[in-house]
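**Q**
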Amino acid sequence: MLSFHLELLDKIFLKNVNQFVVYKDYAFVYGDYGQAHEIHILSLEIPEKLTHVQSISFQKEIVKVEIKDDTLYVIENERALHIFDLSNVSDPKRVDSFVLLGYDIYDMKLIGENAILAMNWEGIGLVDLNLPDQIQPVQKLKIENKCVECFVPFGDRIFTVSNLKNDPFLYEVSIINGYLEIKNKKSFLILIHPTYFVVLLKSFYTANLKREKQ
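Numbering (our numbering) for the sequence shown: 26 to 239.
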């Protein structure tokens, strides 16, 4: 019988980090909580010897980092969506920023030419990446006065749930021609925790956690 094990090749100490995105031979490491104001770029070219290339600093905490087509997208909470050119991956160059002053942002997903934001009590926001000079988000959609902290994209739809105890609903939101619209909501007998739902292929999977009586 074959057996496998993981071997630690190297480690590097970075303060306040718990998330990362790998692109080509580099890792973009950050933390998605209050004390993390930096993205650390590590070279993975030699796995046995990690190299800290540089760090990019921000005024506010970093919420989410995404990479698409040689472009780095960074959400800085209550301030902006920053866009960096990754033609030289080890040395990102800031090319634009979409001002989002005051919005309490929890999550971001890139869908087509739009960035979709989970904005807590403000609901869901849509940033049109083709309109850098316009006030953003260009649309906000309230989810029946519920808070939105995360969502899962699937084609031209996103699925989201609230973490409120009195809101056991799964919401389906369409994104067609840059317009957000609630298409459906499904009730569950028990609250769905935002951490435990996922869309895979053509199916939606969810898990409810409950403690059995001994």
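The beta-carbon is built from N, C-alpha and C at its ideal position, and this holds for glycine as well. Keep in mind that this is a model prediction, so the values were computed, not measured.
What is the C-beta distance between W146 and C172, in whole angstroms, given that I count them as a contact (C-beta under 8 Å)?
**A** 5 Å
**Q** Taking the alpha-carbon positions, what's the L67 to E32 distance?
**A** 19 Å
**Q** Hey, V99 and Y131: beta-carbon distance below 8 Å or not?
**A** A distance of 8 Å or more separates the beta carbons of V99 and Y131.
**Q** Which residue marks the beginning of the beta strand (DSSP E) containing L166, and which one marks its end?
**A** Q164 to L166
**Q** With the cut-off set at 8 Å, would you say V124 and Q161 are in Cβ contact?
**A** yes
**Q** What did DSSP end up calling R182 once you bin it into helix, strand or coil?
**A** strand
**Q** Quick one: which unbroken beta strand (DSSP E) runs of 3-plus residues sit fully inside the region 90-120? Chain order, please.
**A** 96-101 and 105-110
**Q** Express the C-alpha separation of V114 and D35 in angstroms, rounding to a whole number.
**A** Each residue's Cα considered, the two are about 22 Å apart.
**Q** Could you check the C-alpha separation between Y196 and V186 for me, to the nearest Å?
**A** 6 Å
**Q** By how many angstroms is the C-alpha of A105 removed from the C-alpha of G137?
**A** 19 Å
**Q** Could you tell me the distance, in whole angstroms, from the CA atom of N155 to the CA atom of M144?
**A** 21 Å
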